[in-house]
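Written out below as structure tokens is the structure these notes cover.
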Amino acid sequence: MKKIIILLMFLLTVGCSNLNDNDLKVFLEKENFSPTLTEKYDDGYLLIREDDKDITMYFLSDESWGKYTYLYNSYAITERGVYLGLLKEGSITMHVSNKEFEREAVVYRLEFDDGSEAEFKFEKGKKTYRIFDDRIKEMSFNLYFYNKSGKQIFRLL
Numbered sequence: 000m001k002k003i004i005i006l007l008m009f010l011l012t013v014g015c016s017n018l019n020d021n022d023l024k025v026f027l028e029k030e031n032f033s034p035t036l037t038e039k040y041d042d043g044y045l046l047i048r049e050d051d052k053d054i055t056m057y058f059l060s061d062e063s064w065g066k067y068t069y070l071y072n073s074y075a076i077t078e079r080g081v082y083l084g085l086l087k088e089g090s091i092t093m094h095v096s097n098k099e100f101e102r103e104a105v106v107y108r109l110e111f112d113d114g115s116e117a118e119f120k121f122e123k124g125k126k127t128y129r130i131f132d133d134r135i136k137e138m139s140f141n142l143y144f145y146n147k148s149g150k151q152i153f154r155l156l
């Protein structure tokens with residue numbers, strides 16, 4: 000019975016973050032980081048700061064003994080306005096600061112090494128996206144963006 004309870008506890012915590020709002024506050028103070036956008040997921044927090052010069056993204060995933068586990072990306076502002084954040088097996092995050100994409104339905108398509116595809120749309124006014132797909136492994140995909148008429152706007156490799 001004891002083994003079953005331990006196994007159940009393990010299964011319940013796999014993929015889940017043990018972070019709470021207090022951990023987030025402490026992390027932000029330690030890093031001296033003030034996000035302009037915060038998204039909470041089951042496995043952590045996506046923290047984004049966007050200003051005139053750059054985009055800074057953290058994905059805070061765990062805390063143990065006062066040490067935080069996180070991924071960090073920083074990008075100079077570009078005309079295309081799409082920035083990749085967390086990339087781990089099975090999921091990817093994106094931040095969009097492209098006004099055209101915020102106004103109209105732009106389709107983006109993931110093409111994987113095995114030739115399969117997944118298609119998604121930007122939603123009006125939404126700036127962050129988390130895509131879950133078992134085919135996402137490392138950088139084993141290409142990301143293509145199309146406008147309403149189906150013309151490719153650009154791609155990320």
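All letters in the sequence shown, in the order written, are residues 0 to 156 by numbering that gives the first Met the number 0. All C-beta atoms, glycine included, are put in the ideal place defined by N, C-alpha and C.
- Roughly how many whole angstroms lie between the Cα atoms of glycine 84 and tyrosine 74? Here residue 84 corresponds to residue number 85 of the sequence shown, with the count starting at 1. Here residue 74 corresponds to residue number 75 of the sequence shown, with the count starting at 1. Each residue's Cα considered, the two are about 10 angstroms apart.
- Query: So who's on the other strand from lysine 164, going by DSSP bridges?
  - Reply: Since the displayed the chain opens at 0 and closes at 156, residue 164 lies outside it and no answer follows.
- Message: Relative to the C-alpha of aspartate 112, which candidate in Ser90, Leu142, Asp51 has its C-alpha closest?
- Response: Here residue 112 is taken as the residue at index 113 of the sequence shown, counted from 1. Nearest in C-alpha terms to aspartate 112, of all of Ser90, Leu142, Asp51, is Leu142.
- Message: Residues in the same chain with beta-carbon distance under 8 angstroms from serine 33, minus the five sequence neighbours each way, listed in chain order, please.
- Response: As a working mapping, residue 33 is identified with position 34 in the sequence shown. Cβ within range, chain order: Leu27, Arg48.
- Query: Which residue from Arg79, Leu59, Glu110 puts its Cα closest to that of lysine 98?
  - Reply: Indexing the sequence shown from 1 puts residue 98 at position 99. For the set Arg79, Leu59, Glu110, the Cα lying nearest the Cα of lysine 98 is the one of Arg79.
- Please work out which residues of its chain come closer than 6 angstroms, Cβ to Cβ, to methionine 56, disregarding the five sequence neighbours upstream and downstream, and give them in chain order. Along the sequence shown, one-based indexing puts residue 56 at 57. Non-local C-beta neighbours of methionine 56 in its own chain, meaning closer than 6 angstroms and more than five positions away in sequence, comprise Ile47, Asn72, Gly84, ordered along the chain.
- Buried or exposed by the 16-neighbour rule on C-beta atoms within 10 Å, applied to threonine 68: Translated into positions along the sequence shown, residue 68 becomes position 69. The Cβ neighbour count for threonine 68, taken over all protein chains shown within 10 Å, is under 16; the residue is labelled exposed.
- Can you tell me the Cβ-Cβ gap for threonine 127 and leucine 36, rounded? I've got them flagged as a contact below 8 angstroms. Counted from its first residue, the sequence shown places residue 127 at position 128. Counted from its first residue, the sequence shown places residue 36 at position 37. The pair is a contact, with the Cβ atoms about 7 angstroms apart (cut-off 8 angstroms).
- Item | Contacts around aspartate 53, its chain only, beta-carbon distance under 7 angstroms, and the 5 residues preceding and following it disregarded | Residue 53 sits at position 54 when you count from the first residue of the sequence shown. Once the five neighbours on either side are set aside, the close Cβ partners of aspartate 53 are Ser73, Tyr74, Ala75, Ile76.
- Spatial distance of phenylalanine 121 from arginine 129 (CA atoms): As a working note, residue 121 is residue 122 in the sequence shown. As a working note, residue 129 is residue 130 in the sequence shown. Whole-angstrom Cα-Cα distance: 11 angstroms.
- Task: Tell me whether leucine 23 sits in a helix, a strand or coil according to DSSP, three-state version.
- Result: Indexing the sequence shown from 1 puts residue 23 at position 24. Judged by DSSP in its simplified three-state form, leucine 23 adopts helix.
- Message: Taking the straight line between their C-alpha atoms, what separation do you get for tyrosine 44 and leucine 59?
- Response: Taking the sequence shown and counting its residues from 1, the one referred to as residue 44 is at position 45. Taking the sequence shown and counting its residues from 1, the one referred to as residue 59 is at position 60. Answer to the nearest angstrom: the Cα atoms are 5 angstroms apart.
- Task: Taking arginine 108 as part of the beta strand (DSSP E), name the residues at either end of that continuous run.
- Result: The sequence position of residue 108 within the sequence shown is 109, counting from 1. 106-111 is the extent of the beta strand (DSSP E) around arginine 108.
- Message: At a threshold of 6 angstroms, does isoleucine 76 count as lining the ligand COA (C-beta to nearest heavy atom)?
- Response: For the ligand COA, the structure offers nothing, since it holds no ligand at all.
- Excluding the 5 residues preceding and the 5 following tyrosine 22 in the sequence, name in chain order all residues of the same chain whose CB lies nearer than 6 angstroms to its CB. Within the sequence shown, the letter at position 23 stands for residue 22. The amino acid occupying residue 22 in the given sequence is aspartate; tyrosine does not appear at that position. If we look at aspartate 22 and ignore the five residues flanking it on each side, its Cβ neighbours are Glu62.
- Item | Cβ neighbours of histidine 94 in the same chain (closer than 7 angstroms, five flanking residues each side left out) | Counting from one through the sequence shown, the residue named residue 94 turns up at place 95. Closer than 7 angstroms at Cβ, skipping near neighbours: Ile47, Ile54, Met56, Tyr82, Gly84, Lys126, Thr127.
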